[in-house]
Amino acid sequence: MCIRDRVDSKTACHALTPGLDLNVDTAGIQTGRNVTHVDIQTVFYRSEPPLVSPERSRVLVAAIPAGGNNGCDWFSSAAKNCSEQLGLLEMAGEKHADVAVLPEEFLWDPATPLPDGCDLSDGGRNCTIVTGLGAIAKKYSMYVVFGMRAPAPADDPYPADSSHGDRKLGYNTVVIIGRDGEMVGYYRKSWPCCPGPDGSSMDDGYPSRELVKTFDLDFGRVGVQTCFDMNFDDTWHQLYAANVDMVFWPSAYGGGMPMRAYAQLYHYAIVPAGWGDITDMTGQVPGSTTQEADGIFTATIDLDATLFHVNFNNFSQLLADYQGQIETVGLAGYCSTPGNCSATADLLQESGFVMLARTDKGYENGVSVRTLKDRYNLTDLRTYQHQSRHAINMQRMTATPNVRPWPYPRNGQPYHNGTREVADSQGASAQEPDLRQAVGTGQTSGQPERRELVPVKGFVKAQGTRGWWGVTDQSRGS
2 MCIRDRVDSK TACHALTPGL DLNVDTAGIQ TGRNVTHVDI QTVFYRSEPP LVSPERSRVL
62 VAAIPAGGNN GCDWFSSAAK NCSEQLGLLE MAGEKHADVA VLPEEFLWDP ATPLPDGCDL
122 SDGGRNCTIV TGLGAIAKKY SMYVVFGMRA PAPADDPYPA DSSHGDRKLG YNTVVIIGRD
182 GEMVGYYRKS WPCCPGPDGS SMDDGYPSRE LVKTFDLDFG RVGVQTCFDM NFDDTWHQLY
242 AANVDMVFWP SAYGGGMPMR AYAQLYHYAI VPAGWGDITD MTGQVPGSTT QEADGIFTAT
302 IDLDATLFHV NFNNFSQLLA DYQGQIETVG LAGYCSTPGN CSATADLLQE SGFVMLARTD
362 KGYENGVSVR TLKDRYNLTD LRTYQHQSRH AINMQRMTAT PNVRPWPYPR NGQPYHNGTR
422 EVADSQGASA QEPDLRQAVG TGQTSGQPER RELVPVKGFV KAQGTRGWWG VTDQSRGS
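Every letter in the sequence shown is one number past the one before it in our numbering, and letter 46, counting from 1, is 47.
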């Protein structure tokens, strides 16, 4: 960890130890009198998720916030609130939803620990809530996302808590069940609610030591956050770094401003089982959003829609070749009205962004912006941001006069693919081309990643978390 002194402008790098007093001399360097703590976090920036079928990437989502603060006591004879929520889940299936998101702690009885099988160590096969909801998921070929207080597994490092009857709190957990009824995976809440000024906490489970997870479903890459996680941009940024398309957010409240901001800032859709205001990557509630009944909202989100930066991209040829099938999307803002600002433009234009989306005709013809952007040498916005962060931080760290030693593979392609060498300590390898595109020319000095969809007869659903089987990456010979 490197800490820069505010007074002497010196930098000290050292290992931080528990209980470190940051107001005293640290490795011989004063850290400053106003430092309260230091956060240490490693963020991994991942390549794009696998391409999915153009048919599958238009997703019907269902948010079911009903009963979110009361829970469903699945294991009691009364089955409190379960009938309402399960009825809405069945309704989502009947509406042909691709995924239905149930509330945070949909299953919760704090007085009675759940059966050991519900610690999910065996994939939930011995937890009847997983198998029960799995039967509904399989019936409708629909992903189901739900929250529960999962018990801590036997090898869990957290000890029992004397302030809670010498029992382990377990984890506020969200489970994803696949279309086949089997558990895809789980996420444990990173930021349990809600530490008080005196350090006390509500009984919201232990903070996850696994932190952020992602799952490649058959319509795209998804992540999960839960309720109080909304207050911490760290984990939302990690999902952006992992290139997720959609975030599921079961919650006990609405989300509001941060939810809209994360969607806009990190360019992914958010499906909240809080108040049900499904949000697309522009931070807007889609026009297709419908309240199907009290406690259930649906919306169609096309995950093939793609944001680009205006830098180093030329869209004219693609738009000409796919006229009527791909279009630019506008988003009205304050500066859209002449006279309000020094220039007149919509919100995307003011941001320096361009959003390309397929029309209904393009969807019917199997057109995919995400496939075509590679063919037309276009770099999507997140990849451009990731490459810029990488190059500038490397320049800063090494005090190099320019960023040419660190070209970033276009559209998230990893370095080690058998066709490029990574730059050595002396500079860029001769085999590693500069992949930054000249402005407006439609030319690039390096070949973009080639990923094609293999034509298939009929529609084939992907299995589990392995993505769309009709994708092959020709650059890797697969």
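For every residue, glycine included, the Cβ atom is placed at its ideal position computed from N, Cα and C.
Tell me the DSSP secondary structure of G94 in three-state form. Looking up residue 94 in the sequence shown gives position 93. Residue state, collapsed to three classes: helix.
Nearest to L121 (by Cα), restricted to the options P154, E106, V100 and I137: Locating residue 121 in the sequence shown gives position 120, counting from the first residue. Residue P154 is the option with its Cα nearest to L121.
Considering Cα atoms alone, identify which of V146, L52, D40 and I65 is closest to A294. Counting from one through the sequence shown, the residue named residue 294 turns up at place 293. The residue with the shortest Cα to Cα distance from A294 is I65.
Are A44 and A242 touching if we call contact CB-CB under 8 Å? Numbered from its first residue, the sequence shown carries residue 44 at position 43. Numbered from its first residue, the sequence shown carries residue 242 at position 241. Before going further, note that residue 44 is Val rather than Ala in the sequence given. Yes, the Cβ-Cβ distance between V44 and A242 is below 8 Å.
How big is the Cα-Cα spacing for T399 and I393? Here residue 399 refers to the residue found at position 398 when the sequence shown is read from its first residue. Here residue 393 refers to the residue found at position 392 when the sequence shown is read from its first residue. Between T399 and I393, the C-alpha separation is close to 10 Å.
In chain order, each beta strand (DSSP E) run of at least 3 residues that lies wholly inside the stretch 346-397: 354-359
Between which two residues does the beta strand (DSSP E) containing H310 stretch? As a working note, residue 310 is residue 309 in the sequence shown. T307 to H310 is the extent of the beta strand (DSSP E) around H310.
Indicate the three-state DSSP secondary structure (helix, strand or coil) for Q292 in the structure shown. As a working mapping, residue 292 is identified with position 291 in the sequence shown. The answer is strand: DSSP assigns Q292 an E or B state.
So, using beta-carbon positions, are D303 and A358 closer together than 8 Å? Sequence index remark: in the sequence shown, residue 303 carries index 302 (1-based). Sequence index remark: in the sequence shown, residue 358 carries index 357 (1-based). Result yes, Cβ atoms of D303 and A358 sit closer than 8 Å.
For N366 and S209, the rounded distance between their alpha carbons: Indexing the sequence shown from 1 puts residue 209 at position 208. Indexing the sequence shown from 1 puts residue 366 at position 365. Distance between the alpha carbons of S209 and N366: 44 Å.
Backbone CA spacing between V440 and N35 [nearest angstrom]: Taking the sequence shown and counting its residues from 1, the one referred to as residue 440 is at position 439. Taking the sequence shown and counting its residues from 1, the one referred to as residue 35 is at position 34. With a pLDDT of 27 at V440, under the threshold of 50, the modelled position of that residue is not reliable, and the figure given next carries that caveat. In a straight line, the C-alpha of V440 is about 45 Å away from that of N35.
Whole angstroms is fine: what's the gap from S476's alpha carbon to F316's? For the purposes of this step, residue 476 is taken as residue 475 along the sequence shown, with counting starting at 1. For the purposes of this step, residue 316 is taken as residue 315 along the sequence shown, with counting starting at 1. In this prediction, S476 has a pLDDT of 31, which is less than 50 and means its spatial position is unreliable; what the coordinates show is noted afterwards. The alpha-carbon atoms of S476 and F316 are separated by roughly 24 Å.
Cβ-Cβ distance between T215 and Q226 below 8 Å: As a first step, residue 215 is located in the sequence shown; it is residue number 214 there, counting from the start. As a first step, residue 226 is located in the sequence shown; it is residue number 225 there, counting from the start. For T215 and Q226, no; Cβs fall outside 8 Å.
For the stretch 89-107 against the stretch 52-65, are there 3 or more C-beta pairs whose distance is under 8 Å? yes
Coil, strand or helix - N314 by DSSP: To locate residue 314, count along the sequence shown from 1; it is residue 313. Reduced to three states, the DSSP call for N314 is coil.
Measuring CA to CA, which of C194, Y385, I178 and L348 is closest to N312? Numbered from 1 along the sequence shown, position 311 holds the residue referred to as residue 312. The residue with the shortest Cα to Cα distance from N312 is Y385.
Could you give the DSSP three-state label for L218: helix, strand or coil? In the sequence shown, residue 218 corresponds to position 217, counting from 1. Of the three classes helix, strand and coil, the one that applies to L218 here is strand, per DSSP.
Sequence-distant residues of its chain with Cβ nearer than 7 Å to G325 (five each side left out): The residue labelled residue 325 in the question sits at position 324 within the sequence shown. Excluding sequence neighbours, G325 sits near T360 and K362.
Tell me the rounded alpha-carbon separation between D234 and V213. On the sequence shown, residue 234 is found 233 positions in, with the first residue counted as 1. On the sequence shown, residue 213 is found 212 positions in, with the first residue counted as 1. Their backbone Cα atoms lie some 12 Å apart in a straight line.
Simplified DSSP state of A321, which is helix, strand or coil: One-based indexing of the sequence shown puts residue 321 at position 320. Helix, per DSSP.
Per DSSP, the bridge partner or partners of G186: Mapped onto the sequence shown, residue 186 falls at position 185. Its beta-bridge partners are I177.
Give me whichever residues DSSP pairs with F298 in a beta bridge. Residue 298 sits at position 297 when you count from the first residue of the sequence shown. A64 and Q292, per the DSSP bridge assignment.
Would you mind sorting G340 into buried or exposed? The rule is 16 or more other CB atoms within 10 Å of its CB. Mapped onto the sequence shown, residue 340 falls at position 339. It counts as exposed.
Please classify R261: does DSSP put it in a helix, a strand, or coil? Against the sequence shown, residue 261 aligns to sequence position 260. R261 falls in the helix class under three-state DSSP.
Q448 to N378, Cα distance in whole Å? On the sequence shown, position 447 is the one that residue 448 refers to. On the sequence shown, position 377 is the one that residue 378 refers to. Since pLDDT at Q448 reaches only 33, below the 50 mark, its modelled position is unreliable, and no value is offered.
In whole angstroms, what is the alpha-carbon distance linking G275 and I41? Within the sequence shown, numbered from 1, the residue matching residue 275 stands at position 274. Within the sequence shown, numbered from 1, the residue matching residue 41 stands at position 40. If you take the alpha carbons of G275 and I41, they lie about 30 Å apart.
Only counting the same chain, and skipping five residues up and downstream in sequence, which positions put a Cβ closer than 8 Å to that of F229? The residue labelled residue 229 in the question sits at position 228 within the sequence shown. Excluding positions up to five away in sequence, the list reads K190, W192, P193, C194, C195 and D205.
List the endpoints of the continuous beta strand (DSSP E) containing G148. Along the sequence shown, one-based indexing puts residue 148 at 147. Counting along the chain, the beta strand (DSSP E) containing G148 begins and ends at Y144 to A151.
Ordered along the chain, which non-local residues of its own chain (more than five positions away) have a Cβ less than 6 Å from that of P259? Residue mapping note: residue 259 aligns to position 258 of the sequence shown, counting from 1. Correct list, in chain order: M231.
Bridge partners - R59, DSSP secondary structure assignment: Start at 1 with the first residue of the sequence shown, and residue 59 comes out as number 58. DSSP, once it has assigned bridges, lists D303 as partnering R59.
L382 and H268 look like a contact to me (Cβ under 8 Å); what is the Cβ gap, rounded to whole Å? Position 381 of the sequence shown, counted from the first residue, corresponds to residue 382. Position 267 of the sequence shown, counted from the first residue, corresponds to residue 268. Indeed they touch by this definition, with Cβ atoms about 6 Å apart.
Please confirm whether L308 and M356 have their CB atoms less than 8 Å apart. Numbered from its first residue, the sequence shown carries residue 308 at position 307. Numbered from its first residue, the sequence shown carries residue 356 at position 355. In contact: L308 and M356 (Cβ atoms closer than 8 Å).
To the nearest angstrom, how far is it from the Cα of T37 to the Cα of D199? Your numbering for residue 37 matches position 36 in the sequence shown. Your numbering for residue 199 matches position 198 in the sequence shown. In a straight line, the C-alpha of T37 is about 15 Å away from that of D199.
Residues in the same chain with beta-carbon distance under 6 Å from T283, minus the five sequence neighbours each way, listed in chain order, please. Stepping through the sequence shown from its first residue, residue 283 is reached at position 282. Hits under 6 Å: L332.
Given D305 as reference, the closest of L103, I177 and T329 once Cα atoms are compared: In the sequence shown, counting from the first residue as 1, residue 305 sits at position 304. Ranking the options by Cα distance to D305, first place goes to T329.
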